[in-house]
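Chemist: The sequence shown: position 45 = 45 (the UniProt record's numbering), numbered continuously. Ideal Cβ placement from N, Cα and C applies to all residues, glycine included. Predicted model only: the values in this text are computed from it and were never measured. Input: one structure, supplied below.
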Amino acid sequence: MAPRTKVILVRATVVYTRLVAISLLLVPPDLHRPGGRRDQKQGSKRSISYNINICGITKKKTELAKILHEHKVHVALLQETLHSTTDLHITGYTSYACGCTSCRGIVTYVRNDLTADITNPTVNSPTDVQKCILWLNGKKWTIYNVYNPPANTCRIDDLQENIYHNTILAADFNGHTLLWGYQDTNNTGKYLEEVCTTTNLPIQQNENSPPKLLHRAHNTLSRPDLTIMSPDLENDSEIRVLPDMVSDHRPTLITIRQNGIPHRQQRSRWNFKKANWEGFRATSEREFRNNSWEDDIDGLEETFTSTILKSSNLHIPKGSD
Numbered sequence: 001m002a003p004r005t006k007v008i009l010v011r012a013t014v015v016y017t018r019l020v021a022i023s024l025l026l027v028p029p030d031l032h033r034p035g036g037r038r039d040q041k042q043g044s045k046r047s048i049s050y051n052i053n054i055c056g057i058t059k060k061k062t063e064l065a066k067i068l069h070e071h072k073v074h075v076a077l078l079q080e081t082l083h084s085t086t087d088l089h090i091t092g093y094t095s096y097a098c099g100c101t102s103c104r105g106i107v108t109y110v111r112n113d114l115t116a117d118i119t120n121p122t123v124n125s126p127t128d129v130q131k132c133i134l135w136l137n138g139k140k141w142t143i144y145n146v147y148n149p150p151a152n153t154c155r156i157d158d159l160q161e162n163i164y165h166n167t168i169l170a171a172d173f174n175g176h177t178l179l180w181g182y183q184d185t186n187n188t189g190k191y192l193e194e195v196c197t198t199t200n201l202p203i204q205q206n207e208n209s210p211p212k213l214l215h216r217a218h219n220t221l222s223r224p225d226l227t228i229m230s231p232d233l234e235n236d237s238e239i240r241v242l243p244d245m246v247s248d249h250r251p252t253l254i255t256i257r258q259n260g261i262p263h264r265q266q267r268s269r270w271n272f273k274k275a276n277w278e279g280f281r282a283t284s285e286r287e288f289r290n291n292s293w294e295d296d297i298d299g300l301e302e303t304f305t306s307t308i309l310k311s312s313n314l315h316i317p318k319g320s321d
């Protein structure tokens, strides 16, 4: 066999392989895939975070453990645990207590089957902060656990960027502003408004959100516990206020949809069931006869693809899925 003939055969084989791969996109699914179209799985929900100002953990640990296991919580963020003399062990979770000696005690629980790194950006500061870096499904998540005392002006020095991704702050800020239903605005409220305007971290609560705190002395409801979330999570998130745990504060469960298509955009797909296959074949063959096939491999692939797409647009209707 002459060398030029071998080269032509090799090129033809490569072109044929490419064309088969392209044509598989256009033939009816039943012809090349057993069972036709695959079922599309809906997004699975994952309870990423559980947040509560627990007002002392000692007598509530059993109920807390039940909730964490029931909802399969990844990370639990607790404020005002008063944990200094308490055994924090909960089966299936690792506890990380703040190292402060004079604070009310924040604790972060991480499920044992997850990889996470917990740090304390502030030590013996009025605003108590824990930072959790969580690796989940190939993504890096940043989750903050924050407690700010009522008389203190909140300041989170760790927030130095303007743009955040996969980031959640769940906290008892004790911040007041009209935006989430208070009749007054304090310095912490002003600081949180500043965070919202200088970063891409919006607060998820407003004046219509379910209140979290029952102030028994004044018989009033308020929202000192807030959730701040980067916008890439908002459309796939659900924030629920759960029944109380014998605490003045009601807990928050943050659920994120993963690995699915919960909010699919409308896309046009070929409707093979209504295709005019005779017309498709006739148009394709006519175009193939009229085309020049003297190009190199890339040129042949482009010619074939444009011919198939032209015939498809003429004879295979499209519809939104």
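In three-state DSSP terms, what is Arg104?
Modeler: Looking at Arg104 - three-state DSSP - the assignment turns out to be coil, as it is neither helix nor strand.
Chemist: In its own chain, which residues sit with a C-beta less than 8 Å from the C-beta of Ile90, not counting the 5 before and 5 after it?
Modeler: Cβ neighbours of Ile90 beyond the five flanking positions: Lys61, Leu64, Ala65, Leu68 and Tyr109.
Chemist: Pick from Leu242, Tyr182 and Phe272: whose alpha carbon is nearest that of Glu70?
Modeler: Nearest C-alpha to Glu70: Leu242.
Chemist: So who's on the other strand from Lys131, going by DSSP bridges?
Modeler: Beta-bridge pairing links Lys131 to Thr119 and Tyr144.
Chemist: Report yes if the CB atom of Ile163 is closer than 9 Å to the CB atom of Val75, and no otherwise.
Modeler: Against a cut-off of 9 Å, the Cβ pair of Val75 and Ile163 comes out as no contact.
Chemist: From Gly92 to Asn112, what distance separates their C-alpha atoms?
Modeler: Rounded to whole angstroms, Gly92 to Asn112 spans 6 Å at the Cα level.
Chemist: Please confirm whether Thr119 and Tyr147 have their CB atoms less than 9 Å apart.
Modeler: Contact flag unset, no.
Chemist: Please classify Asn145 as buried or exposed, where buried requires at least 16 other C-beta atoms within 10 Å of its C-beta.
Modeler: Buried, by the Cβ-count rule.
Chemist: Pick helix, strand or coil for Glu238, following the three-state DSSP scheme.
Modeler: Strand.
Chemist: Find out if the Cβ-Cβ distance for the pair Leu88, Ile52 is shorter than 9 Å.
Modeler: Their beta carbons are not under 9 Å apart, which means Leu88 does not touch Ile52 by this criterion.
Chemist: Around the C-beta of Gln204, are 16 or more other C-beta atoms found within 10 angstroms, so that it is buried, or is it exposed?
Modeler: So Gln204 ends up on the buried side.
Chemist: Taking all protein chains shown into account, do 16 or more other C-beta atoms lie within 10 angstroms of the C-beta of Ala282, making it buried, or fewer, making it exposed?
Modeler: Exposed: under 16 other Cβ atoms inside 10 Å.
Chemist: Once the 5 residues before and after Leu26 are set aside, which same chain residues still bring their CB inside 8 Å of it?
Modeler: Low local confidence applies: a pLDDT of 36 at Leu26 is under 50, so the model's placement there is unreliable, with the coordinate-based value given in what follows. So the list reads Trp270, Ile308, Ser312 and Ile316, once near-sequence residues are dropped.
Chemist: Which whole-angstrom value is the C-beta distance of Asp172 and Val129, which I expect to be below 8 Å?
Modeler: Actually they are not in contact, since the Cβ atoms of Asp172 and Val129 sit about 12 Å apart, beyond 8 Å.
Chemist: In three-state DSSP terms, what is Tyr191?
Modeler: If DSSP states are grouped into helix, strand and coil, Tyr191 belongs with the helices.
Chemist: Under the rule that 16 or more other beta-carbon atoms within 10 Å means buried, what is Arg223, buried or exposed?
Modeler: Buried is the call here.
Chemist: Quick check on this structure: which residue in Leu179, Cys100 and Lys139 has the alpha carbon closest to the alpha carbon of Ala116?
Modeler: The shortest Cα separation from Ala116 among Leu179, Cys100 and Lys139 belongs to Lys139.
Chemist: With H, G and I counted as helix, E and B as strand and the rest as coil, what does DSSP make of Arg267?
Modeler: Confidence in Arg267 is poor, its pLDDT being 46 and thus under 50, which makes the residue's placement unreliable; the coordinate value appears in the next sentence. Residue state, collapsed to three classes: coil.
Chemist: Measure the C-alpha to C-alpha separation of Cys132 and Pro210 and round it to an integer number of angstroms.
Modeler: In a straight line, the C-alpha of Cys132 is about 26 Å away from that of Pro210.
Chemist: Using C-beta distances below 8 Å, list every residue in its chain close to Asn206, excluding the 5 sequence neighbours before and after it, in chain order.
Modeler: Leu179, Trp180 and Gly181.
Chemist: How would you write the range of the beta strand (DSSP E) that Ile67 sits in, first residue to last?
Modeler: Ile67 -> not in any beta strand (DSSP E); alpha helix (DSSP H) instead, spanning Lys61 to Glu70.
Chemist: Use the C-beta contact count for Gly105: other C-beta atoms within 10 angstroms, 16 or more gives buried, fewer gives exposed.
Modeler: By the neighbour-count rule (16 or more Cβ atoms within 10 Å), Gly105 is buried.
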